[in-house]
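Working notes, beginning with the structure itself.
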Amino acid sequence: MVVVDGAGVPLGSQLASASPAEVTLAESTLKKISVPQPRGRPRNRPLRVVADRGYDSDPLRWRLLRRGILLICPHRKNRTKPSLNDGRALRRYRKRWKVERTFAWLGNARLRRLLYVPALAGLQYNPVLRAQAARLATRGKPGKVRVGAVMRKLLCLCVGVLRSGQPWQDSGRPIPQTTPAQSS
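For the sequence shown, the working numbering assigns the number 166 to the initial residue and increments by one for each residue that follows.
Below, the structure written as structure tokens:
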């Protein structure tokens, strides 16, 4: 998890396994913030936190509010209690793209850029990848999510081929080995 300021500069981070829910890690990540001030001790409490739907939890909202931090995040679709958001505060959620940009800076954006066009070609010509994208489409996933899933599948296939040391086999048909002597 990463906490960034309004410009997308990381202020604090925490690395955890994928198992725990984001809500359980939010407060411990906020405790890692330390912003140096010109005078005095570093600031470690933001005025507000803009987060995605995964952080929608009333107990988290109340705990942060007791510390003087306003949690701005849209409610989950299956919420049964009345809404706690007002439209003015939720407008700040539109600036969440700065956090996503920070993830792109921290993540391997070059690898994603390299896999994008092969994923599009795979969606067009590979029946296995096309079937995976069709399954995601029936679940209502947007196009970019489907392309991202195909990119991940391509990456996993490449790693599998590299680890096994065997040539790629598509539908059980091995690709013929060519050596420089055979090709000339």
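Glycine included, every Cβ here is placed at the ideal spot set by N, Cα and C.
- DSSP places leucine 236 within a strand segment (E or B) once states are collapsed to three.
- Beta-bridge partners of arginine 208 (DSSP): Val200.
- 8 Å or more divides the Cβ of isoleucine 237 from the Cβ of arginine 218.
- Remark: C-beta atoms of arginine 295 and leucine 288 approach each other more closely than 8 Å.
- According to the DSSP assignment, serine 193 belongs to the alpha helix (DSSP H) that extends over 187-195.
- Comparing alpha-carbon positions, the option among Ala183, Gly177, Leu280 and Arg328 lying closest to serine 193 turns out to be Gly177.
- Looking at the DSSP output, serine 178 shares a beta bridge with Val167.
- For glutamine 289, the three-state secondary structure derived from DSSP is helix.
- For arginine 304, there is no enclosing beta strand (DSSP E), as DSSP marks it with neither H nor E.
- The residue from Ser248, Leu320, Pro239 and Thr189 with its alpha-carbon nearest to that of leucine 280 is Leu320.
- Using a 10 angstroms sphere on the CB of alanine 299, the tally of other CB atoms stays under 16, which defines it as exposed.
- A Cβ-Cβ separation of about 7 Å places isoleucine 234 in contact with leucine 212 under the 8 Å criterion.
- Taking the Cα of leucine 190 as reference, the smallest distance to any Cα among Gln179, Ser199, Val200 and Lys318 is reached at Gln179.
- Comparing alpha-carbon positions, the option among Trp262, Arg275 and Pro239 lying closest to aspartate 251 turns out to be Pro239.
- Taking the Cα of aspartate 170 as reference, the smallest distance to any Cα among Arg266, Ser329, Pro292 and Val315 is reached at Arg266.
- Residue pairing for arginine 213: DSSP places it in a beta bridge opposite Leu235.
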